[in-house]
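Each remark here refers to the structure printed beneath this line.
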Ligand SMILES: Cc1ncc(COP(=O)(O)O)c(C=O)c1O
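In our numbering, the protein residues as written are 2 to 391.
Structural data, given as structure tokens:
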């Protein structure tokens, strides 16, 4: 188990995992760390899986995925991503996680630059490093609710720029890429001939009055966009491990060849679950969205009462909270929250080095548990407010 001194030296994914390890030693800890939905997978999906097993639907699938599921994802790409694609432009992956790794492995050659928003889900950094690429950070700002500014992207485009990564809604900020900026970013991609990777895994959870925008649907983008999404977040199916990629056929072929010799096809039983989700009603998603909206209000009120500043998330599962009013670094504060309040929260430096005054707090616990977490955190903030910065 890591000490505070060791944790202080960490950042990114390593820091997240060290804190989760530490939380295992804390009895009755409330986890507001990871981004996995706490809600139950809808009963219709679970029943479909049982039926598939009973009726012997368990044969090995092609590496790119079960043909019926690829068809269903292609059909759903119209309402979900405003994309009109054939099933040959779709592949099924072991969660979004494998998807992002396949995209980067197939696309990035050593020395290639990829423009990535800051802060970000740092699994991308590891994949980029593994491929020998260079991640070039594009800052995002609280005053724009962490939208991606086209001018910040443009400044960083150079001869080695291969791709731009967009995550909308964003993990960790809860920001979205607005239509106006997506259009300007698409124009830049066409003008400078780079690819856009559009991670839309939280796309079903955009809160009114905001809209989800898919850059792949914009003029000139169908041949240069790789869209990543999946079932983990939308249907509370993280443990099933089903994600998908929508891309031009040659890119799907390149990624499928990597998948064939590495993980092979996703487990058939999980693909059956995803097929039930993709072809079933979306009422469950509407219900989930209402639940998250309720939690968003609850957390917003509790965090304000503690004196935190936060941008109310426009989408996704996270509050990206400015904790500077406490006078403590967010990393120290998250350590104290874990030790003294028994609440696990990730500090901003788990998502980018600049974010030492931010915390990422998830909405992924029932209301009662969120209230309990806030009640435990509040005295810690009051006790340590203004103590010297570590
Ligand atoms: C932005 C983003 N992309 C991709 C993933 C991967 O999701 P999964 O592998 O659970 O489908 C996550 C998970 O938290 C994420 O936050």
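The C-beta atom is built at its ideal place from N, Cα and C for all residues, glycine as well.
Could you tell me the distance, in whole angstroms, from the CA atom of residue i to the CA atom of residue j?
i	j	result
residue 384	residue 338	12 Å
residue 162	residue 113	6 Å
residue 116	residue 140	10 Å
residue 29	residue 156	48 Å
residue 55	residue 270	11 Å
residue 304	residue 361	12 Å
residue 222	residue 264	30 Å
residue 228	residue 195	14 Å
residue 32	residue 72	37 Å
residue 145	residue 375	27 Å
residue 396	residue 160	Any question about residue 396 goes unanswered here, given that the chain covers just 2 to 391.
residue 152	residue 197	16 Å
residue 325	residue 343	21 Å
residue 142	residue 313	14 Å
residue 38	residue 239	7 Å
residue 371	residue 178	28 Å
residue 200	residue 368	28 Å
residue 21	residue 59	35 Å
residue 93	residue 127	21 Å
residue 124	residue 130	10 Å
residue 90	residue 165	20 Å
residue 190	residue 278	33 Å
residue 391	residue 136	The predicted position of residue 391 is uncertain, since its pLDDT is 46 and thus under 50; a value taken from the coordinates is nonetheless stated next. Residue 391 and residue 136: Cα-Cα distance of roughly 29 Å.
residue 275	residue 181	33 Å
Considering Cα atoms alone, identify which of the options is closest to residue i.
i	options	result
residue 97	380, 172, 335	172
residue 150	125, 129, 176	176
residue 358	310, 377, 315	310
residue 364	349, 301, 331	301
residue 262	64, 57, 36	64
residue 356	272, 119, 274	119
residue 1	325, 317, 326, 17	The displayed coordinates of the chain run from 2 to 391. Any statement about residue 1 would go beyond what the structure contains.
residue 308	94, 251, 191, 327	327
residue 253	274, 225, 268, 386	225
residue 186	205, 211, 212, 218	218
residue 167	371, 204, 35, 132	204
residue 174	189, 21, 353	353
residue 148	135, 136, 184, 123	184
residue 306	378, 286, 248	378
residue 79	213, 297, 268	213
residue 273	36, 193, 169, 62	62
residue 373	386, 315, 296	296
residue 248	266, 216, 276, 275	216
residue 42	299, 237, 106, 4	237
residue 35	333, 232, 122, 77	122
Under 7 Å: does the beta carbon of residue i sit that close to some heavy atom of ligand 3?
i	result
residue 159	Of the ligands this structure carries, namely ligand 1, none is ligand 3.
Three or more C-beta pairs closer than 8 Å, one from the stretch 308-321 and one from the stretch 269-284: is that the case here? no
Would you call the stretch 246-260 and the stretch 38-58 touching, i.e. three or more CB-CB distances under 8 Å? no
Which runs of the beta strand (DSSP E) at least 3 residues long sit entirely within the stretch 217-269? Give them in chain order. 226-231, 244-247
In chain order, what are the residue ranges of uninterrupted beta strand (DSSP E) at least 3 long that sit wholly in the stretch 144-215? 162-168, 196-200
Is it the case that the stretch 286-294 contacts the stretch 344-354, given that we only count it when at least three CB pairs across the two stretches are under 8 Å? no
Nearest-residue set for ligand 1, Cβ under 6 Å from any heavy atom: 36, 96, 97, 98, 101, 122, 168, 172, 200, 202, 231, 233, 239, 244
With a cut-off of 8 Å, do at least 3 Cβ pairs link the stretch 5-19 to the stretch 244-251? no
Contiguous alpha helix (DSSP H) assignments of at least 4 residues, all confined to the stretch 296-361: 331-337
Any chance the stretch 365-384 sits against the stretch 326-342, with 3 or more Cβ pairs inside 8 Å? yes
Taking one C-beta from the stretch 100-114 and one from the stretch 78-86 each time, how about it: are there three or more such pairs within less than 8 Å? no
As an exercise, report each continuous beta strand (DSSP E) stretch of at least 3 residues that is fully enclosed by the stretch 8-72, in chain order. none
Which whole runs of the beta strand (DSSP E) in the stretch 64-121 are 3 residues long or more, in chain order? 91-94, 114-119
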